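Protein chains: 2
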Amino acid sequence: MASSTSSAPSMAERLQPRVDACNEMTALNYAKYVPFIVDGQPVGVLQPWFAEDLEKACGSETLRRDSNGAVTFVSSLDTADKRSEAIMPGLEKLRDQGVITGWRDEIFPVTMGYGVPPLFRIERAAASLLGVRAYGVHVNGFVTLPDGEKELWVGKRAKNKQTFPSKLDHLVAGGLPDGMPPYECVIKECAEEASVPESLARNAKAVGLVSYTMNYKGCCKRDVLFCYDLELPVDFVPTPDDGEVESFTRYKISEVLEIMATTEDFKENCCLVIIDFAVRHGFITPDEPGYVKLVQSLRVGNA
Amino acid sequence: MASSTSSAPSMAERLQPRVDACNEMTALNYAKYVPFIVDGQPVGVLQPWFAEDLEKACGSETLRRDSNGAVTFVSSLDTADKRSEAIMPGLEKLRDQGVITGWRDEIFPVTMGYGVPPLFRIERAAASLLGVRAYGVHVNGFVTLPDGEKELWVGKRAKNKQTFPSKLDHLVAGGLPDGMPPYECVIKECAEEASVPESLARNAKAVGLVSYTMNYKGCCKRDVLFCYDLELPVDFVPTPDDGEVESFTRYKISEVLEIMATTEDFKENCCLVIIDFAVRHGFITPDEPGYVKLVQSLRVGNA
């Protein structure tokens, strides 16, 4: 059994805080939130102040509180289309009031599980405030050097990006829009964010998922990220296209791990996907203390 | 988003029962068991009849019930060595009575987490009956054919093996003995179970873990398996050495998945490790319904 008596913490132990930062939500935390119940199913959790704002903005012909204080749709709104149509004006009002920020004109399905029909649809920017489950794709773009060493392409987010400006990021990543299969989303994001041609992007390989429930500005961010490995030719250089990324730099895997262990430079949820990469490729092993805890905590959030 | 409306179930959905079979223990199930508390920490769960047998066999100078009915050591047994020494004669008595079967003369550490010092040590065969956490290594031995297709080496357990006779199995697998680092255990098991020379076994790559809490003959089998990928030369043929395995056969990954989806021929916990392999190597993808549930449930047990 691996010894935990050595004095210097292992890389697994040094990376644990990065994973913990994505899992600040505990069962106890949830008690502070207002459930959003649709068709009898708990699809979201709202901060109490946002539950009130949302009710006010949507009006009593759309939303009401049930006997337990949970937010629900009025019973006549009994289809996904009716609910989506009814809630939209309220969300737009909250956007105009500056409550919902980062509006993207991107439709996002609210579901009880990946692949099941949505209970309603919302603007993507409202997902965190509604505390609903979201799904995304994250692509680790890497090269294998002639000596066998692996290097990872790391993006630096634009200074003026609405979310997480100037943070380090993957080659590409993105939320899954309504109705788009994950692999198609990977191909699209590869083109948009890093100018990776489809012929190369098609080598992206699905390799698993990470999940977490994160405290994001007081909201319950409940995400599942589908992880992809994309091995790129050594002479290929990704270039930013849609302005989301400022630059791309290639780092040795050991350098990336060291940056994550010593700084908060990486966008928080990217750390999970990169640690998953390091685990799958044997850069972190069960022989070092802290491995079990680290690997277990990569999939803590419920899907 | 992947559609769940297609009529034929996906491979992910067809494999789900294999994972569920390793996760029959739920929080409710636990209430039926008697906790084993050592040094204030819940290290095991016993079936009520076994708690009584164990108490009787060990005697009141070794074990007692606390005010909640949990089994504990008497307070004077305050070190791992004292507890291990005190409980051993009782375990041997239960072996002689035929209660503990499959005795292996293999010392096994009882801990609250991997890598932390043991609270006491027991004979390995008693681990399931005590409901303590156990750790093992499982190695997927595979080859890559010239056309890029991957094939997996599958062992068939000997008919006369104490546990899971005639079931299909990995190239090699084994429980982690006290004090042995996982990688060393891999090298040892590779030699013993499949005659893989150390020069080849050293290519085994740590790639993650699966965990589960299984109902094994009424016991709570709480396991964490460290997963390894071992790519072997196409012309290498593993051969059984210690008699645990009867024969080795190479299957296409798609064939292995089909066997798992349609039969219970594989040893139950091997299914999790092979599904993890299929997920990491892109043989199952998020584009098929049931992916999220399948992948999430590979690490359900607590470590």
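Heads up: the protein sequence lines correspond to chains A and B, in order. Under numbering that gives the first Met the number 0, the first residue of the first sequence carries the number 0, and numbering increases by one thereafter. Under numbering that gives the first Met the number 0, the first residue of the second sequence carries the number 0, and numbering increases by one thereafter. Glycine included, C-beta positions come from ideal geometry on N, C-alpha and C. Nothing here was measured: the structure is a model prediction, and the numbers come from that model.
In the DSSP assignment, find the alpha helix (DSSP H) that holds residue i and state where it starts and stops.
i	result
Tyr-290/B	290–295
Ile-99/B	It is not in any alpha helix (DSSP H) - Ile-99/B carries neither H nor E in the DSSP assignment.
Arg-17/B	10–19
Between residue i and chain B, is the shortest Cβ-Cβ distance under 7 Å, so that the two count as touching?
i	result
Gly-187/A	Going by the sequence as given, residue 187/A is Lys instead of Gly. Taking Cβ atoms only, chain B never reaches closer than 7 Å to Lys-187/A, which makes this a no.
Ala-125/A	no
Arg-13/A	no
Gly-207/A	yes
Pro-181/A	yes
Ala-302/A	The predicted model places Ala-302/A with a pLDDT of 45, which falls under 50 and marks its position as unreliable; any figure quoted below should be read in that light. Taking Cβ atoms only, chain B reaches closer than 7 Å to Ala-302/A, which makes this a yes.
Val-138/A	no
I'd like the list of long-range same chain contacts for residue i, defined as Cβ closer than 8 Å, with 5 residues on each side in sequence excluded.
i	result
Asp-19/A	Ser-296
Val-244/A	Gly-154, Lys-155, Arg-156, Ala-157, Asp-168, Glu-192 and Ala-193
Met-0/B	Because the pLDDT at Met-0/B is just 42, under 50, the model does not fix this residue reliably, and the point stays unresolved.
Measuring CA to CA, which of the options is closest to residue i?
i	options	result
Asp-264/B	Gly-154/B, Gly-130/B and Ile-99/B	Gly-154/B
Tyr-113/B	Leu-175/B, Ala-126/B and Arg-279/B	Leu-175/B
Phe-235/A	Leu-256/A, Leu-170/A, Gly-281/A and His-280/A	Leu-170/A
Asp-38/B	Thr-110/B, Asp-275/B, Arg-221/B and Val-136/B	Thr-110/B
Arg-63/A	Arg-156/A, Ile-36/A and Gly-130/A	Ile-36/A
Ala-79/A	Gly-217/A, Arg-94/A, Leu-118/A and Met-87/A	Leu-118/A
Met-24/A	Thr-212/A, Arg-201/A and His-137/A	Thr-212/A
Glu-257/A	Arg-221/A, Leu-208/A and Ile-274/A	Ile-274/A
Lys-81/A	Ala-69/A, Thr-262/A, Thr-61/A and Ser-66/A	Thr-61/A
Arg-249/B	Gly-207/B, Trp-152/B, Val-294/B and Asp-77/B	Trp-152/B
Val-233/B	Asp-95/B, Glu-150/B, Arg-94/B and Cys-21/B	Glu-150/B
Ile-186/A	Ala-200/A, Asp-177/A and Met-179/A	Ala-200/A
Quick check: residue i and residue j, are their CB atoms within less than 7 Å of each other?
i	j	result
Ser-83/A	Arg-120/A	yes
Ala-205/A	Thr-143/B	no
Asp-240/A	Ser-165/A	no
Phe-225/A	Val-115/A	no
Lys-266/B	Phe-163/B	yes
Cys-270/A	Arg-17/A	yes
Tyr-215/A	Ser-127/A	yes
Leu-93/B	Ala-56/B	yes
Val-294/B	Val-272/B	no
Thr-71/B	Asp-65/B	yes
Ala-11/A	Tyr-290/A	yes
Could you please give the first and the last residue of the uninterrupted beta strand (DSSP E) stretch that includes residue i?
i	result
Arg-132/A	132–143
Phe-265/B	Where Phe-265/B is concerned, there is no enclosing beta strand (DSSP E), given that its DSSP letter is neither H nor E.
Glu-230/B	218–230
Val-206/A	204–215
Glu-122/A	119–122
Glu-60/B	Looking at the DSSP string, Glu-60/B is not in any beta strand (DSSP E), and its letter there is neither H nor E.
Val-44/B	40–45
Ala-172/B	171–174
Arg-156/B	149–156
Take residue i and list the residues in its own chain whose beta-carbon comes closer than 7 Å to its own, dropping the five residues that flank it on each side.
i	result
Ser-3/B	For Ser-3/B, the pLDDT reaches just 47, beneath the cut-off of 50, and the residue's location in the model is therefore unreliable, leaving the point undetermined.
Val-42/A	Phe-35, Val-109, Met-111, Leu-118 and Val-131
Gly-173/B	Gly-135, Val-136, Cys-184 and Glu-188
Leaving out five residues on either side along the sequence, give the residues of the same chain with a beta carbon under 6 Å from the beta carbon of residue i.
i	result
Ala-125/B	Leu-90 and Ile-99
Phe-282/B	Ile-252
Glu-122/B	Leu-90
Gly-207/B	Cys-226
Asp-228/A	Asn-139, Lys-204 and Val-206
Glu-54/B	Leu-62
Beta-carbon of residue i versus every beta-carbon of chain A: anything under 7 Å?
i	result
Ala-1/B	Unreliable positioning characterises Ala-1/B in this predicted model, as indicated by a pLDDT of 44, which lies under 50. The coordinate reading is nonetheless provided below. At least one chain A Cβ lies under 7 Å of Ala-1/B.
Arg-221/B	no
Thr-212/B	no
Thr-284/B	yes
Arg-306/B	Residue 306/B lies beyond the stretch modelled for chain B, which goes from 0 to 302, so this question has no answer here.
Phe-107/B	no
Tyr-113/B	yes
Met-294/B	Note on residue identity: the sequence assigns Val, not Met, to residue 294/B. Closer than 7 Å to some Cβ of chain A, the Cβ of Val-294/B qualifies, so yes.
Ser-135/B	The sequence shown places Gly at residue 135/B, not Ser. No - not a single Cβ of chain A is within 7 Å of the one on Gly-135/B.
Pro-8/B	no
Arg-17/B	no
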